[in-house]
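Residue numbers (the numbering used here): 1 to 276. First comes the structure, then the notes that go with it.
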Ligand code: FAD
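Next comes the structure, spelled out in structure tokens:
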């Protein structure tokens, strides 16, 4: 039996981007996602775009999750957002701290994602299923792997129902994270976040920013392909299919695809995995 899959999009900035994303979604709905989530720019920068995209997905008859980040936010603003999301019929949130662009003072009334999760539970009870983020390769700002596991524990205790990981290319990091979470009696489902490899420069840039490790053997091969995008994509499909197979064999409860608003790589991965 296939484990569920979910898809992540970001809110488009232009009407052309919105039209393209609509077409991408129609392609990917063939995969029968459990839900589609839409990212939210820290500081509320994409709020309208995020909520509009979530509303479109709901109108298309598919379950939608809104990401919500709390850094720099006030309780009043989050309360209003929760009211709006409930009135739209949203039942699932991905609750995050977020990262403010450098130059912004943090301010705000929330420090960590666990504060946001506790607030959502306090304000709305069980109205939302809450997803938290977690980091098999350890969040880049964490003081230590143990303190990052403590941060995950706080999110679970605050009321997270399940979690989605930052992407990674080393399945052992996920399995070790799961072992440690189980030892700490953190038994919520943790769904691996999967990043398709379609561009070498984009992947290097994202990975440097979010602390995801690109193993040396992958990095060197990507560099050797230079501008040969066909070879990068073919290699990326092989690598990521292998990763997903390992994760599914090892009991991952689902797969969450960072689609980057593109359909081809995610659709081909799911085809190779027998998920269509
Ligand atoms: P937290 O859980 O608050 O952790 C942040 C850091 O603080 C960690 O280093 C943690 O170890 C530490 N920490 C937590 N609690 C404590 C404590 N009590 N004491 C000391 N240290 C503590 N970003 C966006 O802006 N928008 C998005 O839509 C978005 N979607 C994402 C979806 C997923 C699935 C993932 C994995 C990440 C996403 N991000 C998004 C990125 C995320 O916002 C960043 O990784 C951010 O730096 C951390 O967010 P968090 O919710 O994990 O924070």
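Where is the CB? At the ideal position from N, CA and C, for every residue including glycine.
Residue 14 sits in coil when the DSSP states are folded into three classes, being neither helix nor strand. Taking C-alpha positions only, residue 247 is separated from residue 240 by approximately 10 Å.
Per the C-alpha coordinates, the member of 150, 24, 60 positioned closest to residue 183 is 150. Going by DSSP, residue 57 is part of the alpha helix (DSSP H) stretching over 47-59. The criterion of a C-beta distance shorter than 8 Å is not satisfied by residue 188 and residue 158.
Assignment of alpha helix (DSSP H) within the segment 108-164, counting only whole runs of 4 or more residues, yields 113-124, 145-158 in chain order.
The residue among 192, 237, 236 with its C-alpha nearest the C-alpha of residue 3 is 192. Shortest gap from the CB of residue 259 to any heavy atom of the ligand FAD: 7 Å or more. Membership of residue 203 in any beta strand (DSSP E) is not indicated; the residue belongs instead to the alpha helix (DSSP H) covering 200-210. The Cβ-Cβ distance between residue 237 and residue 273 does not fall below 8 Å. With fewer than 16 neighbouring CB atoms inside 10 Å of its own CB, residue 276 falls in the exposed class.
Residue pairing by DSSP leaves residue 235 without any beta bridge partner. Taking C-beta atoms under 8 Å as the contact rule, residue 167 and residue 212 qualify, at a distance of about 5 Å. In the DSSP secondary-structure assignment, residue 8 is bridged to 37, 258. Of all C-beta pairs linking the segment 34-45 to the segment 57-75, three or more are shorter than 8 Å, placing the two stretches in contact. At a Cβ-Cβ threshold of 8 Å, residue 232 and residue 200 count as neighbours. With fewer than 16 other CB atoms across the displayed protein chains lying within 10 angstroms of its CB, residue 144 is exposed. The shortest C-alpha to C-alpha distance from residue 65 to any of 77, 78, 50, 79 is the one to 50. Contact check between the segment 51-64 and the segment 114-123: fewer than three CB pairs, one atom from each, fall below 8 Å, which does not count as touching.
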